[in-house]
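Scroll down for the structure; my scribbles are underneath it.
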Amino acid sequence: MSPARSSTAPRILPESTRLGAEIRLAVEQVSYAYSANPSQAPLFTLEATSFQARPGEIVAILGPNASGKSTLLQLIAGVLQPLSGRILLNGFVIHSLSPRTRAQRIAMVQQESRLLFPARVWQFVLQGRHAHGGSFRFESKEDTLVARNALTQVGAAELADRWMDQISGGEKQRVILARALAQQPLLLLLDEPTLHLDIAAQVGLLDALRRLCARNRYTVIVVTHELNLAAEYADQILLMQSGRCLRVGPPSAIYQRELLEQVFQVPLKVEMRGHGRPRVTILSDS
Amino acid sequence: MRPLTFRKIFFQCFVLLIILFFVVIVALKFGAVPVSLYALGRDLLRVLLGQSSQISSDYGLIIQNIRMPRIILGIIVGASLSVAGTSFQALLRNPLADPYVLGVSSGAALGAIVSLIAEPHLALPPGFEVLLTPLCAFVGAALTVTAVYFLGRRQGQIDSNTLLLGGVITASFLSAIIVFLMSTVNSSNTRGMVFWLMGNLSTSFQKSIYWFLAGGFFIAAGVIYGTANDLNILLSGEKEAMHLGVDVRRVRFVVYIAASLLTGLAVSVSGAVGYVGLIVPHVMRFIFGSDHRTLLPTAALGGAIAVVIADTLARIVVAPNELPVGAVTAVVGAPLFIYLLRRRLA
Numbered sequence: 045m046s047p048a049r050s051s052t053a054p055r056i057l058p059e060s061t062r063l064g065a066e067i068r069l070a071v072e073q074v075s076y077a078y079s080a081n082p083s084q085a086p087l088f089t090l091e092a093t094s095f096q097a098r099p100g101e102i103v104a105i106l107g108p109n110a111s112g113k114s115t116l117l118q119l120i121a122g123v124l125q126p127l128s129g130r131i132l133l134n135g136f137v138i139h140s141l142s143p144r145t146r147a148q149r150i151a152m153v154q155q156e157s158r159l160l161f162p163a164r165v166w167q168f169v170l171q172g173r174h175a176h177g178g179s180f181r182f183e184s185k186e187d188t189l190v191a192r193n194a195l196t197q198v199g200a201a202e203l204a205d206r207w208m209d210q211i212s213g214g215e216k217q218r219v220i221l222a223r224a225l226a227q228q229p230l231l232l233l234l235d236e237p238t239l240h241l242d243i244a245a246q247v248g249l250l251d252a253l254r255r256l257c258a259r260n261r262y263t264v265i266v267v268t269h270e271l272n273l274a275a276e277y278a279d280q281i282l283l284m285q286s287g288r289c290l291r292v293g294p295p296s297a298i299y300q301r302e303l304l305e306q307v308f309q310v311p312l313k314v315e316m317r318g319h320g321r322p323r324v325t326i327l328s329d330s
Numbered sequence: 381m382r383p384l385t386f387r388k389i390f391f392q393c394f395v396l397l398i399i400l401f402f403v404v405i406v407a408l409k410f411g412a413v414p415v416s417l418y419a420l421g422r423d424l425l426r427v428l429l430g431q432s433s434q435i436s437s438d439y440g441l442i443i444q445n446i447r448m449p450r451i452i453l454g455i456i457v458g459a460s461l462s463v464a465g466t467s468f469q470a471l472l473r474n475p476l477a478d479p480y481v482l483g484v485s486s487g488a489a490l491g492a493i494v495s496l497i498a499e500p501h502l503a504l505p506p507g508f509e510v511l512l513t514p515l516c517a518f519v520g521a522a523l524t525v526t527a528v529y530f531l532g533r534r535q536g537q538i539d540s541n542t543l544l545l546g547g548v549i550t551a552s553f554l555s556a557i558i559v560f561l562m563s564t565v566n567s568s569n570t571r572g573m574v575f576w577l578m579g580n581l582s583t584s585f586q587k588s589i590y591w592f593l594a595g596g597f598f599i600a601a602g603v604i605y606g607t608a609n610d611l612n613i614l615l616s617g618e619k620e621a622m623h624l625g626v627d628v629r630r631v632r633f634v635v636y637i638a639a640s641l642l643t644g645l646a647v648s649v650s651g652a653v654g655y656v657g658l659i660v661p662h663v664m665r666f667i668f669g670s671d672h673r674t675l676l677p678t679a680a681l682g683g684a685i686a687v688v689i690a691d692t693l694a695r696i697v698v699a700p701n702e703l704p705v706g707a708v709t710a711v712v713g714a715p716l717f718i719y720l721l722r723r724r725l726a
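For the protein sequence lines, the chains are G and F, in the order given.
When we follow the numbering used here, the leftmost residue of the first sequence carries the number 45, and every step to the right adds one.
When we follow the numbering used here, the leftmost residue of the second sequence carries the number 381, and every step to the right adds one.
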């Protein structure tokens, strides 16, 4: 079966529709190439990719390793500059924004980072307020309020005075999410947020995320390997394979056995459940 | 949740200033010629009242013309090296970064030695002669910074580990050249060379040099202090700093240049005093925490205190002879550093 490529169908929407209030994030024909040496052939390419996301929507990017998921996320974050195409956030081209303006609109939750010197949880969360003030300044009452509120929203208020290196992996992931919330972003990007978490912590984090997303109208883009969690929580799925975006759509449209088997190279079974959320079971040979 | 306030920083600095004041008094009192505290107080009061001409005793002259300039030099050198070390550590996300480790101090020392060898062969105007060694040391430091900067680049970006490794290798290479020069060139200035390598505060300069040093310190340190919040976030990693709104390239470039200037400034007048930029920031971090808004000023004051104490020890331990101040900082600093490393970073 030859998968339909979303990039082969260019969008011909008028400007007014594209920048309408409904669409918050518009990724338009974005491509990227990475090479160690400019004179050599690129080591990795991302072919033209397009999709759109609305406020309050969770988009999951799925795909095997080296399929370009994280590259796409870095492009959306504005850290990488696309080779062609553009990414609009509320009508502004993301990578042309200043780092400070960008950080006021986009927050990234990455895999746990190593801290060089010990810091308290509240100090860590206050880092999220950096973009909202000058380079040399002291935190205002409002900043502490926002930070405290962010910790409460992820259910980690009681951790505030603990040291970052003395809390569990699940707690740390929630604190990192709280720092992102303290940025008061429009767009929340998560790079494998459930990695290294036990099942309860995974579900806890994603429940918190869905609640926040509905309440604060964040647009959430999450890169993950967890097919079932993505099916359970995402409104849109972006399926990627070796630098190409194969399909964009709701989980029920993307979760087809042939398609997933071809992408992930494992025999699997897809069940469609009552509320339109499919479930995938990996079939082992034995 | 207790965010940092200006009052807290002010209080911490005030305490360190008081300590510095007492250290300076002690440093003025001790030395090859003993001075009583009473005479010290009387003479200091006269200087403050603008009645320097009334200081008649030889002791007063020793205080005013020998010990005081040396202490001021120690304060500036200590503060500069300490702020430079703090900046390099944040910038490279590496607790082992230090002007000495990055080879910048060796570059400056090489410049100084070249000038000492070349000086007798050059017919220089008397005024310029005094400036030649500091000037060459400064040029040596600046060139080394540039070389290490390019050695540390990979794929057009500064790579922390490559930079540190490049610095260590550069330091080793420059030391080899220094040793080669010391072994092959017969010069009456050999003692000067050894002192330049280990650090020495005994050189006295014209008054304008002290103003120049102090001005340079406040400009460069002020620029670094302006990025204090950015440096805090850089500690979490460059990628994260980008996502949190730090203009990483700009901050990195500005701080790298300013920290290099501070190093060049310090080494050009005192030689390669090691371990100050490594130890003092760690001790201050241990006491006051790792927030650069408080760490930078406390490290500056702590560096001043440390170098003045070290230089006082260097003057009195083998009196009437002197040790190089760098020997004292290394003897005290290396074990303390190992202790900190094992306790905090293991």
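Cβ atoms here follow ideal geometry from the backbone N, Cα and C, with glycine treated the same way.
- Message: Can you list, in chain order, the residues of its chain with a C-beta nearer than 7 angstroms to that of Thr678(F)? Leave out the 5 residues immediately preceding and following it.
- Response: Gln392, Cys393, Leu396, Met664 and Phe668
- Query: What did DSSP end up calling Gln309(G) once you bin it into helix, strand or coil?
  - Reply: coil
- Straight-line Cα distance separating Gly644(F) from Val494(F): Rounded to the nearest angstrom, the two C-alpha atoms are 16 angstroms apart.
- Query: If you draw a straight line from the alpha carbon of Val484(F) to that of Ala551(F), how long is it in whole angstroms?
  - Reply: The straight-line gap from Cα to Cα measures roughly 7 angstroms.
- Query: When burial is assigned at 16 or more other CB atoms within 10 Å of the CB, is Asn701(F) buried or exposed?
  - Reply: exposed
- Query: From His319(G), Pro322(G), Glu270(G) and Ile102(G), pick the residue whose C-alpha is nearest to that of Phe308(G); which is it?
  - Reply: Glu270(G)
- Task: List the endpoints of the continuous alpha helix (DSSP H) containing Gly213(G).
- Result: Where Gly213(G) is concerned, the enclosing alpha helix (DSSP H) stretches over Gly213 to Ala226.
- What distance in whole Å lies between the Cβ atoms of Val603(F) and Ala638(F), which are believed to be in contact at a cut-off of 8 angstroms? That pair is a contact at about 5 angstroms.
- Message: Considering only their Cβ atoms, is the gap separating Ala488(F) from Leu642(F) smaller than 9 angstroms?
- Response: no
- Query: Do Leu348(F) and His174(G) have their C-beta atoms within less than 9 angstroms of each other?
  - Reply: This structure cannot settle anything about residue 348(F), because the visible part of chain F is limited to 381 through 726.
- Item | Residue of Ser286(G), Leu304(G), Ala191(G) and Leu249(G) minimising C-alpha distance to Tyr277(G) | Leu249(G)
- Message: Comparing C-alpha positions only, which one of Ile67(G), Val310(G), Ser286(G) and Leu256(G) sits nearest to Phe136(G)?
- Response: Ile67(G)
- Give the secondary structure of Thr93(G) by DSSP, where H, G and I count as helix, E and B as strand, and everything else as coil. strand
- Query: If Leu471(F) and Val634(F) are in contact, beta carbons under 8 angstroms, what's the gap, nearest whole angstrom?
  - Reply: 10 angstroms between Cβ atoms; not a contact.
- Message: I need the boundaries of the alpha helix (DSSP H) containing Gln363(F), first residue and last residue.
- Response: In the structure as shown, chain F starts at 381 and stops at 726, and residue 363(F) therefore has no counterpart that could be examined.
- Query: Taking His319(G) as the reference, which of Met284(G), Asp279(G), Val292(G) and Ile220(G) has the closest Cα?
  - Reply: Asp279(G)
- Task: Please classify Trp166(G): is it buried, with 16 or more other beta-carbons within 10 angstroms of its beta-carbon, or exposed?
- Result: Buried is the call here.
- Query: Beta-carbon of His240(G) versus every beta-carbon of chain F: anything under 9 angstroms?
  - Reply: no
- Counting pairs of beta carbons, one from the region 283 to 292 of chain G and one from the region 78 to 95 of chain G, are three or more of them closer than 8 angstroms? Contact annotation: the region 283 to 292 of chain G touches the region 78 to 95 of chain G, with at least three C-beta pairs closer than 8 angstroms.
- Task: Confirm, please, whether the CB-CB distance from His662(F) to Ala608(F) is below 9 angstroms.
- Result: Their beta carbons are not under 9 angstroms apart, which means Ala608(F) does not touch His662(F) by this criterion.
- Task: Let me know if Asp423(F) comes out buried or exposed under the rule of 16 or more other beta-carbons within 10 Å of its beta-carbon.
- Result: Per the 10 Å Cβ criterion, buried.
- Under three-state DSSP, which class holds Leu384(F)? In this structure, Leu384(F) counts as coil in the three-state DSSP scheme.
- Using 9 angstroms as the limit for Cβ to Cβ distance, is Gly625(F) near chain G? Output row for Gly625(F): interface = yes.
- Pull up the distance between the alpha-carbon of Leu327(G) and that of Arg301(G), whole angstroms please. 12 angstroms
- Message: Which residue marks the beginning of the beta strand (DSSP E) containing Met284(G), and which one marks its end?
- Response: Segment Gln280 to Gln285, the beta strand (DSSP E) holding Met284(G).
- Task: Count the other C-beta atoms from every protein chain shown that fall within 10 angstroms of the C-beta of Gly520(F), then say buried if there are 16 or more, exposed otherwise.
- Result: Answer is buried; the Cβ neighbour count reaches 16.
- For chain F, is any of its Cβ atoms less than 9 angstroms away from the one on Pro322(G)? no
- Does Met152(G) come within less than 9 angstroms of chain F when only Cβ atoms are used? yes
- Message: Between Gly177(G), Leu232(G), Ile120(G) and Ile150(G), which has its C-alpha nearest Ile102(G)'s C-alpha?
- Response: Checking every option, the nearest Cα to that of Ile102(G) belongs to Leu232(G).
- Message: Taking the straight line between their C-alpha atoms, what separation do you get for Ser46(G) and Gln535(F)?
- Response: Its pLDDT being 41, under 50, Ser46(G) is placed unreliably in this model, and the value from its coordinates should be taken loosely. One C-alpha to the other measures close to 38 angstroms.
- Message: At the level of alpha carbons, what is the spacing between Pro479(F) and Thr466(F)?
- Response: Cα to Cα, Pro479(F) sits roughly 10 angstroms from Thr466(F).
- Message: Helix, strand or coil for Gln73(G)? Go by DSSP, reduced to three states.
- Response: strand
- Decide if the region 232 to 244 of chain G is in contact with the region 177 to 195 of chain G; the criterion is three or more beta carbon pairs, one per stretch, under 8 angstroms apart. no
- Query: Beta carbon of Leu676(F), beta carbon of Ile456(F): below 9 angstroms?
  - Reply: no
- Compare the beta carbon distance of Ile442(F) and Val415(F) with 9 angstroms and say whether it is the shorter of the two. yes
- First and last residue of the uninterrupted alpha helix (DSSP H) at Arg259(G): For Arg259(G), the uninterrupted alpha helix (DSSP H) segment begins and ends at Ile243 to Asn260.
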